[in-house]
Each structure stands twice: as structure tokens, then as C-alpha cells.
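Take 277 as the starting number for the sequence shown in the working numbering and just add one per residue.
Every residue gets a Cβ at the ideal spot worked out from N, C-alpha and C, and that includes glycine.
In this text, all values refer to a predicted model and were calculated from it rather than measured experimentally.
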Amino acid sequence: MARILSVLLFVLLACTGLSFGGPERFVERPKDTLVVWTINNGVGAQGSLKTIVRGFQKEMGTPVRILVLDWGDAFEKIKEALLDTTDTVNAPDVLQLGSTWITYFASVGGIHPLNALSDKIDFSRFLDVGLRNARIEGDSNYYAVPWFMDVRGLFVNERLWRELKVNESHVDSLANFIGTLRAIGKSDLKNAAGKKVAPFSLPSHGDWTGAQQMAPFVWSYGGDFISRDSEGTRSALLDSNFLKGFAVYASLMGDKIIGPYSLRDNSSQSSDRFVMSEQLVVYGTAELIRLLEFFPSEGGLRTMPISEDGIMVIPFPGGPAGKAAYVGGSHLAISGKGDAVRRAQAEKLLVYLLRADNLDAYSRKIGFLPADQGLIRIWFKDIRYAQLINNLDRGKTFPNIAEWGVIENILNNLAGDVAKVNERTANVSRRNSEIAKLLIAADRKMNEVLKVESAQGISQADVEKYLSAIPAEVPPANLNLEVSPVSHTRDNEAFVIRCFIGVAALLMFWRWGHRLKKIRRIMNRKKK
């Protein structure tokens with residue numbers, strides 16, 4: 277039976293033009309069909325894109341096939357498709373790219389420049405922070421167009437946050453933020469189920485977001501990941517401002533009072549704890565807000581504890597250089613493969629997908645912010661998204677260099693290695709020594725990728741001094757640490773509904789049984 281269902285599902289997906297997990301290597305596409313490669317953008321993404329594409333097919337008469345990749349291996353599959361000169365059949369015509377991938381694919385000729393479409397697309401309507409990654413430094417061409425924005429923010433459990441009486445002054449600076457979280461961690465804060473609530477988490481166990489997590493700490497101290505000098509671009513991991521911000525990040529990651537699960541969780545597990553109201557603050561994306569509208573059976577959060585408690589967004593706390601927010605997202609591009617006729621059709625599809633109404637419809641389904649400035653002004657009226665939109669004003673992106681993909685992997689590995697040191701080393705001095713070695717090694721690896729010599733003049737002892745110079749925390753005043761757990765009314769409603777359904781089912785079965793008895797009596801009379 278399972279095999280039959282699997283076959284039926286495969287046929288259904290093929291008929292609808294949707295495929296999961298990557299390109300099909302054994303079926304040649306019809307010459308008159310455009311192929312779009314997108315990456316799994318969450319609940320609602322596939323249905324929304326199919327609806328938009330149907331409109332294009334109806335308007336233009338050109339069939340479109342959609343293939344959905346997973347984020348885990350999307351980069352490698354796209355790289356293989358765009359750069360494999362022996363295979364011109366399986367490459368996409370229009371494709372989604374992570375914002376930090378564009379420079380690489382543009383530099384190797386994998387995607388086509390789009391300046392010729394400026395009259396039809398109007399690049400000026402897109403957010404500057406989204407356009408930064410659409411070009412190569414020193415090149416006037418746009419190679420992609422922002423599709424949606426991934427603006428990171430701190431999401432808090434609204435009910436607990438309000439009952440704790442946390443105000444802006446408690447979390448405005450990193451010193452206040454950490455002091456407040458510590459006070460909460462030392463309290464007996466519990467959720468409605470009576471389970472102790474963890475204040476925060478910097479998930480690091482096999483995680484893919486290490487660079488995105490450390491970025492606001494580094495930026496708030498005036499640091500960055502790379503620097504430029506007369507010899508070119510080099511690693512900035514050993515610069516003083518980077519080390520000051522990184523020291524706070526590494527210390528907070530290993531703090532078992534503030535983040536008791538940081539060393540064992542990845543980002544997905546951290547989000548799950550937040551959803552179950554077992555964690556007060558999570559570093560997340562706008563998708564969380566949208567998921568509140570879907571039931572768990574659809575991949576959403578409706579009826580989950582956080583849906584009852586509610587979500588608020590707060591700004592990332594500031595450091596000596598101010599506040600900063602990580603901004604990423606996804607862009608749409610056109611493959612460098614294909615003839616002029618096919619590319620002309622692909623351009624029409626790209627322009628259609630980037631129409632304001634289609635951008636808005638797709639963004640609303642996936643919950644990420646649209647990259648269109650006019651749409652952002654409309655979204656700002658929704659209080660749930662207003663704080664994330666404010667983060668755009670202080671938003672920063674990763675360096676726009678072709679080598680960034682490799683460098684980001686080095687940084688993610690660094691985050692994981694720092695977590696291992698935090699886990700096995702209780703002694704602060706020994707811990708700082710091991711982390712200093714990791715930073716020096718990562719700096720060397722980054723410079724090898726960038727093809728420059730590592731800077732001289734900073735020793736391991738110097739790095740250790742920065743790691744040990746953690747700023748003093750500011751204890752909070754006037755917090756209410758005696759929050760009383762409350763029952764989730766939605767849980768009670770669900771229980772009542774289940775009871776009602778159960779009683780209705782029993783009544784139905786009783787009526788059926790009563791009717792069967794009547795039928796039997798009638799049949800028995802006829803026999804007599």
C-alpha cells in the first residue's frame with residue numbers, strides 16, 4: 277500500500293509541475309517549457325508560487341515547471357547545474373539564490389546580467405540593503421533582483437515579557453540585556469505547563485547560522501569579518517573591535533544560566549523551545565509571525581503554546597558602536613545558460629514574478645518581508661512587522677565578495693568549535709586560550725581563501741586578553757520575577773472541542789445502532 281501511495285504522490289507532483297529535493301536528471305524538459313528553481317521557503321511557499329506561475333502561463337501561454345530544492349544542498353546543486361558545460365538540459369531558466377551566493381555565481385558566469393531589464397523592473401523601487409548583494413564590487417551590472425528580505429530580530433514571549441515587566445531600559449544595551457537575562461535565569465520562571473523557562477539561546481550544535489548569530493555582537497562593537505587595505509581584502513577576525521564583540525558572543529554562548537541549551541541545540545531546536553513557551557527570547561526570522569496563522573498539521577504554530585502567549589519583536593541591544601541587525605534574504609536571477617530565445621522568455625517570467633502584486637502575495641504567504649519599498653510602507657502598518665522593518669534602518673549584510681560562501685562556512689565551523697570548548701572547559705583561562713587558538717586558525721584559513729598573508733603583530737596572548745575583557749553586566753531594577761503560570765485558554769478550548777466531538781460521535785453511533793435494531797425487527801416481521 278505504501279508503495280502505491282508513493283507512486284501516486286510522484287505522479288501527482290509530476291502532473292502539477294512541482295518536484296521536491298532537486299532537479300530530475302532523467303527527464304528532459306520540453307523545449308517550450310521554462311524551468312524555475314526555488315528553495316524550500318516554508319509553509320505556503322509552494323502553493324503561492326504555483327498560483328502566481330499559473331497567472332503567467334495564462335497571460336503568456338508559456339508552460340512553467342517548478343523544482344524545489346532544500347537549503348542544505350541547494351548551493352551545490354545550483355553550482356553543478358550552472359557550471360556543468362556538458363549538461364544544457366537540466367539547468368534552470370529562472371532561479372532563487374541566497375543573497376550571499378550572487379557574487380560567486382556572477383563572477384564565474386553562472387548568471388546573466390540584468391541591466392537591460394531596468395526599464396521593466398525598475399531597480400530603484402527595491403531596498404538598498406537588498407540591492408547591495410545584487411552586484412559585484414566595481415561592476416555596474418545587476419546580476420539578481422531582491423525577492424524577499426530575511427531580517428533577523430529578537431522575538432520574545434509576549435505574555436511572560438509583560439508579566440515580568442521588562443521595559444526598554446532593561447534590554448537597550450548588551451550590558452542591560454545580559455544582566456536582565458541573568459536575573460530571569462536565576463528566578464523560577466515557568467510556563468503554563470509548569471516547566472522552567474530558559475531565558476535565551478545561542479544555538480551552536482551542528483548549526484548553520486553561526487555567522488548570522490555572531491554578526492550583531494561584532495557589528496555593535498564596530499567590528500566586521502573582513503577589512504580592506506593596500507594589499508586587498510583580508511580577514512578582520514583579529515582586529516580589536518571584532519574581538520571585543522566576539523568575546524561577548526562566546527561568553528554568552530557558554531553561559532548556562534542564560535542559555536542552558538545553547539551548547540546542545542541547533543537553531544531549529546531553539547525555535548521549538550520558543551514555540552513551546554519553554555524559552556523566553558529567540559533570535560529568529562519574520563516567518564515565526566506568519567506561522568501563527570497555520571495549524572500544526574499544516575506546519576504552523578496555531579494552537580501551540582506560543583500562539584496563546586503571543587509574540588513581540590524587540591531591537592537587538594546596542595554596543596559601543598550602536599545597534600545592528602543582520603539582513604539577508606533571497607534574490608531571483610536568470611541562468612547564464614540557454615539561447616537568446618529562451619532567455620527572452622525567462623526575462624518575461626522574471627519581470628512577472630517581480631511585479632509588486634506578486635511580490636506582496638508571495639511574501640505574505642511565506643512571512644518574510646518584501647524587498648519593494650512601496651510594499652514595505654504598507655507592511656509597516658502591521659504592528660507585528662513594524663519592529664523588524666525598523667531593523668532595516670540599522671541593517672547590515674555580509675561582505676559582497678565571491679569568496680564569502682567559503683568564508684561563512686569557516687565562521688560556522690568556528691562557532692561550533694567554540695561551543696565544544698565551552699562544553700568541555702569550565703576553567704575560564706583555559707577556555708580563552710583554546711578559543712584564541714581557534715580564532716587565529718580561522719583567521720589564517722580566511723586569508724588563505726582571500727589569497728593574502730595574515731597580519732602580523734597580534735599574539736595568542738593578545739587575543740586571550742580581549743576574550744577575558746567582558747564588560748560588566750547591569751542588574752535590572754523593578755522586574756517582576758514572581759510570574760504566575762496560567763492555563764492556556766486555547767488548550768482548554770481544544771479539550772472542550774474534543775469532548776464535544778467525542779459525545780457527538782457516541783450519539784451518532786447510538787442512533788445508527790437504534791436504526792439497525794429497527795431494521796432487524798422489520799425484517800423479522802416480514803419473515804414471519
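Short of 8 Å from the beta carbon of residue 523, and not among the five residues preceding or following it, lie these beta carbons of its own chain, in chain order: 742, 743, 744, 745, 746. The residues 578, 579, in chain order, have a CB closer than 7 Å to that of residue 571 in the same chain once the five nearest residues on each side in sequence are set aside.
Here the segment 626-633 does not lie against the segment 373-380, with fewer than 3 beta-carbon pairs under 8 Å apart. The DSSP assignment places complete alpha helix (DSSP H) segments of no fewer than 4 residues inside the segment 363-421 at 378-383, 394-397, 404-407, in order along the chain.
Residue 475 places its beta carbon less than 8 Å from that of residue 557. With fewer than 16 other Cβ atoms inside 10 Å of its own Cβ, residue 662 counts as exposed. Nearest C-alpha to residue 716 among 694, 326, 379, 634: 694. Closest option to residue 596, judged by alpha-carbon separation, among 494, 482, 463: 494. About 6 Å separates the beta carbons of residue 587 and residue 565, which is inside the 8 Å limit, making them a contact pair. Contact between the segment 630-650 and the segment 334-349 is absent: fewer than 3 CB-CB pairs across the two stretches fall below 8 Å. Judged by their CB atoms, residue 750 and residue 439 are not nearer to each other than the 8 Å cut-off. Going by DSSP, residue 342 is part of the beta strand (DSSP E) stretching over 340-345.
In this structure, 719 is the residue among 739, 740, 736, 719 with its C-alpha nearest to the C-alpha of residue 730.
The DSSP-derived three-state label of residue 537 is coil.
For the set 410, 575, 581, the Cα lying nearest the Cα of residue 470 is the one of 581. In terms of Cβ geometry, residue 383 and residue 412 form a close pair [threshold 8 Å]. One Cα belongs to residue 461, the other to residue 536, and the distance between them is close to 9 Å. Counting along the chain, residue 733 sits inside no alpha helix (DSSP H), nor does DSSP assign it H or E at all. DSSP places residue 704 outside any beta strand (DSSP E); the residue lies instead in the alpha helix (DSSP H), whose first and last residues are 704-726.
Per DSSP, the unbroken alpha helix (DSSP H) holding residue 665 starts and ends at 659-667. Within the DSSP bridge table, the entry for residue 672 names 602 as partners. Residue 325 and residue 559 have their alpha carbons spaced roughly 27 Å apart. Judged by DSSP in its simplified three-state form, residue 578 adopts coil rather than helix or strand.
DSSP, read as helix, strand or coil, puts residue 504 in strand.
When C-alpha distances from residue 333 are compared across 401, 647, 626, the shortest belongs to 626. Within the model, the alpha-carbon separation for residue 389 versus residue 419 is close to 5 Å. Look at residue 593 here: in three-state DSSP terms it is coil, with no helix or strand label. Of the candidates 605, 541, 606, the residue whose Cα lies closest to the Cα of residue 696 is 541. Between residue 489 and residue 478 the beta-carbon gap is near 6 Å, inside 8 Å, which marks them as a contact.
Membership of residue 327 in the alpha helix (DSSP H) is indicated by the continuous run 321-336. Of the candidates 482, 602, 552, 563, the residue whose Cα lies closest to the Cα of residue 543 is 482. Residue pairing by DSSP places residue 752 in no beta bridge whatsoever. Taken through DSSP and simplified to helix, strand or coil, residue 467 comes out as coil.
Straight through space, the alpha carbons of residue 380 and residue 327 are spaced by roughly 31 Å. For residue 559, the uninterrupted beta strand (DSSP E) run begins and ends at 557-560, by DSSP. Burial state of residue 547 is buried, judged by a 10 Å Cβ sphere holding 16 or more other Cβ atoms.
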